[in-house]
Structures are given as structure tokens and as C-alpha cells.
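For the sequence shown, our numbering gives the first residue as 19, with consecutive numbering after it.
Just so it is clear, CB atoms sit at the ideal spot from N, CA and C, and this is done for glycine as well.
Take a look at the structure below.
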Amino acid sequence: DLDSIAGAIGAALLHGGIPARASDINSETKFALDYWKLSCPDTIESVLEDQPDRRVCLVDFQQQSQMSPAINMDNIIGVIDHHAIQGNAIVTGNPVFIDIRPWGSMSTILAHSFAVHEKHLPKSVAGILLAAVLSDTLNLKSPTTTKWDERMVSMLVQYIDPEFDVNMYAASQFRAKSRELAMMTPYQLVNGDTKIFRFSDSDDETEVYTVAYGVIETTDAESSLARVDELIPEMRESRKEGNLTCMLLAVVDIVNMTSVLFIAGPAEASLAVAAYGGAVEHDGKSLALTGLVSRKKDFIPPLTRAIKDGWKPPIKAMGDVSLRRSSHIVMDYSGFAPGKLQRVFDDIADDEKEGEA
């Protein structure tokens, strides 16, 4: 996401490294890079291709489940992050540099570090750090926002241009993110901003539950909510392919500051109710997360507590035909020249072939 990319750019400049990204960038990140006239970092795979033993500092995460397979854990020399340290965090053989603070954005940490160390901060990099703080804190409205986020936004705006309209910029950046959502395939929406979390069973530490938690942050929540019947089959396929215990997807309304959680099946429904309370609605497809908007502060902590308090997945429903469907991912070039990653269900493809015959 934007905080990860901005963090990689800022940390590389601060500590004398090379920025790298773990995946393709989203439309919000592209908007910010274009606005501040910065190049998109190369992939971590290409950066490590010639020097696989290059030392690595992780930014915006420290979970093994979220780390690129290209990274050798023995080569990790640092972590700059703002997320909770959970059971699946990296394990290093030697002491490493750690800067983890309970702030709303990892880029807030970097902005502060530039100031403390009195390092020169180009205005373009200051701009991308500002953009990332606004993104992660939802323009300082998220419950994760701290006084330090507010102070660093103020400092960055004063440094960039005292007349800079931060609210207008944030609105433009959020609209850029929302516009692309309408053109994205179910596969892209479900897998675009998803993090994997691993939890140990409360009674048996050898039993591990793997939960994928995706979010769709948008200024037009209704459009995403209307696609529930497209997204749930994709969630089920992603759960099957990733050998996951649960696959959850929250549509976050960043205008009204509330969310709706899509439910892929009985395990997800059971875990969601145990974590958040309430009742599953709309034929078991969704659960209202009223007033909740932050994966870090609102979504994951209740999930962690529910599992710690003894939640266990129910017996899988054997009658769910969707769990047994085979599929594959293709690049669809129809209607969009660069192409879109899309899932094709093999039974539908076979029916279409029979129809053509």
C-alpha cells in the first residue's frame, strides 16, 4: 500500500539503501507517486536478483507470512513498523535495528526520524510521506491517529508549502483510489490489500489458524457492497488456494467512517460473530462493523482475543459446492489494454465451450 511504498522510499534515503516493493502498486499509490513526481520502486525480486545476500530492512511489517519468499531472513538487519508484534513475527539470529512505534502510519516514524537526525528531506519525499500518513490515518480521522501523526502532518505541510490544502489533496487521493475499484476484477479486489495472520489454538499451540484479512477502502462504499455476489466466490477460491482457515474482506466507507464485513462461509461467520458480536445478515453474506474502520486497531485485536478465548472453526459444510470448483487465473485484455487478472471457473468455461459447439 501507499505507506509501504512511501516508507521504502523514505527509509532508503534516510539509511542509504535502495527502495523496493513487494507487489504491484494500487491506484492511490500511483496517484501519489505521480503527484510528487517520484518513480515507483523496483520489485524486491529484481533488486535481490544480482545480489541475493543484500542486507534488508523491513518497512511497514514484520510478519513472516507477509514477507516475500525472495528475502532470506538471515539477511534482515532492521524493521521499521507501526503494527503489533504477533506470534508469526520474524526471527533473527543476530540483533537487528528495531523502530516500532504505536503511531498511525509508518511514514510518521520516518518523518520524525528525518527531523530528529536533521537529515535533508527533499520536498518530493516529504510529499510522499505526507500522502502515506493521510492514507493510513484516513486524513487523521482513523482511530489509529495519534498526536504524533497530527504533528508530523503539520510539520510536513509547513515544510512543503504553508498554503498547501491538505484536505483537498486527501480528497483527491481517496477519489483516485475509489475510481479504480469499479474497474477491478473480483480477484484484484479480494487480493489487492490483504494481509495474512496466523494464530495458535488456545488449547493446542501446534494447531495454527491462518486468517486472510482484506480491506477495500473507498469513498463509494455502495458500489463495492453491490458486488458481494461476485466477491464471495472469489474469497472462497482464495481461501482454498491459500489453505486458509478463514478469508475475511471488509469494505471500509472512509466518508461515513464505518465498515461492512463480507462472510465467505460458516467458519468466517462463526469467527466474525465471536470477534465483533452482532448477527450475520443478508443470507449469511455480511456483518455490519459499525464505526470500525482500521484493520490494525479495530479488526485484528478482537479477532485475536476471540481465538485466544477459545474460538475454534466449526466443521466444514460438506454440501458447499463452491468449495469444490476448480479455477485458474488469466490475464483478461478485453476492454482494458494493460489487462486485468481475473479468475475463470473451469465449469463455466466448459459450459461456454459446449454452448459454442
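For residue i, three-class secondary structure by DSSP
i: L310; result: coil
i: V228; result: Per the sequence shown, the amino acid found at residue 228 is Thr instead of Val. T228: strand per DSSP, three-state reduction.
i: S288; result: helix
i: F132; result: helix
i: G283; result: coil
i: V114; result: coil
i: T276; result: strand
i: E252; result: helix
i: M124; result: helix
i: R323; result: helix
i: S304; result: strand
i: V362; result: strand
i: D183; result: coil
C-beta contact flag for residue i and residue j at 8 Å
i: S288; j: P320; result: no
i: S196; j: I325; result: no
i: P284; j: E252; result: no
i: V65; j: I36; result: yes
i: K303; j: T162; result: no
i: S447; j: A200; result: The structure shown has nothing for residue 447, since the chain only spans 19 to 375.
i: Y227; j: T263; result: yes
i: S86; j: A40; result: yes
Inter-residue CB distance, residue i and residue j (contact presumed, cutoff 8 Å)
i: A24; j: A150; result: 4 Å
i: L249; j: F280; result: 6 Å
i: R178; j: A144; result: Checking the sequence shown, residue 178 turns out to be Ile, not Arg. I178 to A144, Cβ: 5 Å. Contact.
i: A230; j: S256; result: 7 Å
i: G105; j: S160; result: Not confirmed; about 25 Å, so no contact.
i: D211; j: V233; result: 5 Å
Neighbour flag for residue i against chain B, beta carbons, 8 Å
i: G302; result: Among the chains in the structure shown there is no chain B, since it carries only a single protein chain.
Worksheet item: Which runs of the alpha helix (DSSP H) spanning at least 4 residues fall entirely within the segment 185-230, listed in chain order?
Response: 204-210
Discussion item. As an exercise, report each continuous alpha helix (DSSP H) stretch of at least 4 residues that is fully enclosed by the segment 43-77, in chain order.
Written reply: 45-53, 62-67
Fill in: Sufficient close CB pairs (3 or more, under 8 Å) joining the segment 49-60 to the segment 75-89
no
Discussion item. Could you check whether the segment 181-195 touches the segment 58-66, counting it as contact only if at least three pairs of C-beta atoms, one from each stretch, sit closer than 8 Å?
Written reply: no
Worksheet item: On the three-pair Cβ rule with 8 Å, is the segment 267-274 touching the segment 231-248?
Response: yes
Discussion item. Does the contact criterion of 3 or more C-beta pairs under 8 Å hold for the segment 123-130 versus the segment 154-172?
Written reply: yes
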